[in-house]
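A.B. asks: Sequential numbering of the sequence shown, starting at -13, is according to my numbering.
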Amino acid sequence: MNDLFVILVQDKKVPSEGTLFWGAKNEDYLRDAFAEAGFDVLYPSDREEKWSNRNLLFVFKQAFIKDPESLWKTVKESDGYREPGFSLNGLIYYVKKNNPNVFSWKDDAWEFSSELTRRNDSTVLDIGTVEGFHEAISCYRRRIVERHMKKGVVFIDPDRTYIDYGVEIGEKTVIYPGCMIEGDTVIREGSVIGPDTIIKNSRIGKNNTIIKSIITDSECGNDCNIGPFAYIRPGCMLHDRVKVGDFVELKNSEIGETTKIPHLAYIGDASVGMNTNIACGVITANYDGKTKHRTVIGNHAFIGCNVALVAPVTVRDGAYIAAGSTITQEVPAHALAIARERQTNKEDWVIKKGLRRDLKND
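(1) Apart from the five residues just before and just after Ser239, which ones in its own chain have a Cβ nearer than 6 Å to its Cβ?
(2) With a 10 Å radius around its C-beta and 16 neighbouring C-beta atoms as the bar for buried, classify Gly284 as buried or exposed.
(3) Less than 8 Å between the beta carbons of Gly310 and Asn292, yes or no?
(4) When DSSP labels each residue in this structure, what does His249 get in the three-state scheme?
(5) Classify Lys338: buried if its beta carbon has 16 or more other beta carbons within 10 angstroms, exposed otherwise.
(6) Tell me the rounded alpha-carbon separation between Arg343 and Arg227.
(7) Determine the burial state of Thr147: buried for a count of at least 16 other Cβ atoms within 10 Å of its Cβ, exposed for fewer.
(8) Curious, which full-length beta strand (DSSP E) runs of at least 3 residues does the segment 236 to 321 contain?
(9) Please tell me whether Thr262 and Gly231 are closer than 8 Å, where the distance is taken between their beta carbons.
(10) By DSSP's criteria, Ile200 is part of a beta bridge. Which residues make up the other side?
(11) Pop quiz: Thr202 and Ile218 are said to be a contact at Cβ under 8 Å. What is the actual Cβ separation, rounded to whole angstroms?
(12) What whole-angstrom Cβ distance do Ile161 and Phe141 have, given they're in contact under 8 Å?
(13) Using C-beta distances below 7 Å, list every residue in its chain close to Ser38, excluding the 5 sequence neighbours before and after it, in chain order.
(14) Can you tell me whether Lys229 is helix, strand or coil according to DSSP?
(15) May I ask you to list the residues that DSSP assigns as paired with Tyr148?
(16) Do you know whose CA, among Lys198, Gly191, Ile196, Pro220, lies nearest Asn208's CA?
(17) Taking the alpha carbon of Val282 as the point to measure from, which residue in Glu333, Asp274, Asp303 has its own alpha carbon closest?
(18) From the DSSP output, in three-state form, read off Val116 for me.
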């Protein structure tokens, strides 16, 4: 037989009483999936020196276990546990021989799986098929959500929410459907997340509202308003009470307190001060084809619509930039920068060219 069988050995960090998945045929798929759930996946060929303080999934061929705690105790007490470089190759035989609660596939599998299935529908799950595998993953997702619920987190639709094992969420946070919160993410209390929001490897402060947006490898202070459809890429730091509105993209930028970027802007490789307003259509042109350059915008500045800030460039405190300008030089504090062509009106040009639309059908 080529099927793999998984033994879950639990320590105090794991909020359940033992789950066994059996029948996985794809080792790489299994390892990647459960690694995302916060487990180390170990195979018989692995040489182990990292038993303690771990959540462990032991993957064997032709092996079952009925009592994870007994296996854990047996492994710790074995001579092999104390030997450097101990291999798991002989563990199945050793544990089965010394522990009556361990079962092998050929002798006990069907009786064992039937018994556990009667006790708990989610205790034994066949993951030899795509359907069974996804059922197992759904089981873990539900348990993670339930753990957060017990700590005061509100899920509007738990079945449509994905939370990684290591995510921390503060009480009184509300999670709407369609959210994926992944990796090393911490969300403090009182925030509203979603719907349809992705947060990965980020730190989110208190009382934020994040709607239909993506945040990756970034930090957000308190009382911020993000989205809908904001994209916050790696390396961003948003201080308190920042507004990042619809169709705004940030990358590797620091945004000061109470600054507003309401819509339709790209701010990349920039430092923006506090209480600054960045209107729609503003971009930082940070790449010259070879090197990324930085834009610096001071406190209390105002950047008008459709402004291009060609980095490296600095806009000092309190400066204003007129709409439609392309800024390539430093703007002094409290100055108004205008960098655009003057408007010229040619009288009766449309009539002279015969282009009047209201006369087309005459």
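For glycine and all other residues, C-beta sits at the position ideal for the given N, C-alpha and C. Predicted model, so just to flag it, every value in this text is computed and none were measured.
C.D. replies: Once the coordinates are examined:
(1) As a first step, residue 239 must be located in the sequence shown, where it is residue number 253. Cys222, Ile253, Ala256, listed in sequence order.
(2) Here residue 284 refers to the residue found at position 298 of the sequence shown. With 16 or more Cβ atoms within 10 Å of its Cβ, Gly284 is classed as buried.
(3) What you label residue 310 is simply residue 324 of the sequence shown in a count that begins at 1. What you label residue 292 is simply residue 306 of the sequence shown in a count that begins at 1. Closer than 8 Å, so yes.
(4) Locating residue 249 in the sequence shown gives position 263, counting from the first residue. In the three-state DSSP reduction, His249 falls in the strand class (E or B).
(5) Start at 1 with the first residue of the sequence shown, and residue 338 comes out as number 352. Residue environment for Lys338: exposed (fewer than 16 other C-beta atoms within 10 angstroms of its C-beta).
(6) Working through the sequence shown from its first residue, we reach residue 343 at position 357. Working through the sequence shown from its first residue, we reach residue 227 at position 241. For Arg343 and Arg227, the distance between alpha carbons rounds to 49 Å.
(7) On the sequence shown, position 161 is the one that residue 147 refers to. Under this definition Thr147 is a buried residue.
(8) Those beta strand (DSSP E) runs which fall completely within the segment 236 to 321 and span 3+ residues are 246 to 254, 256 to 258, 269 to 271, 281 to 283, 294 to 296, 299 to 301.
(9) Counting from 1 along the sequence shown, the entry for residue 262 is found at position 276. Counting from 1 along the sequence shown, the entry for residue 231 is found at position 245. At the C-beta level, Thr262 and Gly231 stay beyond 8 Å of one another.
(10) Residue mapping note: residue 200 aligns to position 214 of the sequence shown, counting from 1. BP columns for Ile200 point to Ile184, Tyr217.
(11) As a working mapping, residue 202 is identified with position 216 in the sequence shown. As a working mapping, residue 218 is identified with position 232 in the sequence shown. Sure, about 7 Å apart at Cβ, within 8 Å.
(12) Taking the sequence shown and counting its residues from 1, the one referred to as residue 161 is at position 175. Taking the sequence shown and counting its residues from 1, the one referred to as residue 141 is at position 155. About 5 Å separates the two Cβ atoms, so the contact holds.
(13) For the purposes of this step, residue 38 is taken as residue 52 along the sequence shown, with counting starting at 1. The predicted model places Ser38 with a pLDDT of 35, which falls under 50 and marks its position as unreliable; any figure quoted below should be read in that light. Here Ser38 has no same chain residue with a Cβ atom under 7 Å from its own Cβ, once five neighbours each way along the sequence are excluded.
(14) In the sequence shown, residue 229 corresponds to position 243, counting from 1. Three-state result, Lys229: strand.
(15) Counted from its first residue, the sequence shown places residue 148 at position 162. Beta-bridge pairing links Tyr148 to Met166.
(16) In the sequence shown, counting from the first residue as 1, residue 208 sits at position 222. Of Lys198, Gly191, Ile196, Pro220, the residue nearest in Cα terms is Gly191.
(17) Position 296 of the sequence shown, counted from the start, is the residue given in the question as residue 282. Looking only at Glu333, Asp274, Asp303, the smallest Cα-Cα distance to Val282 is reached by Asp303.
(18) The count along the sequence shown starts at 1 and reaches residue 116 at position 130. The answer is helix: DSSP assigns Val116 an H, G or I state.
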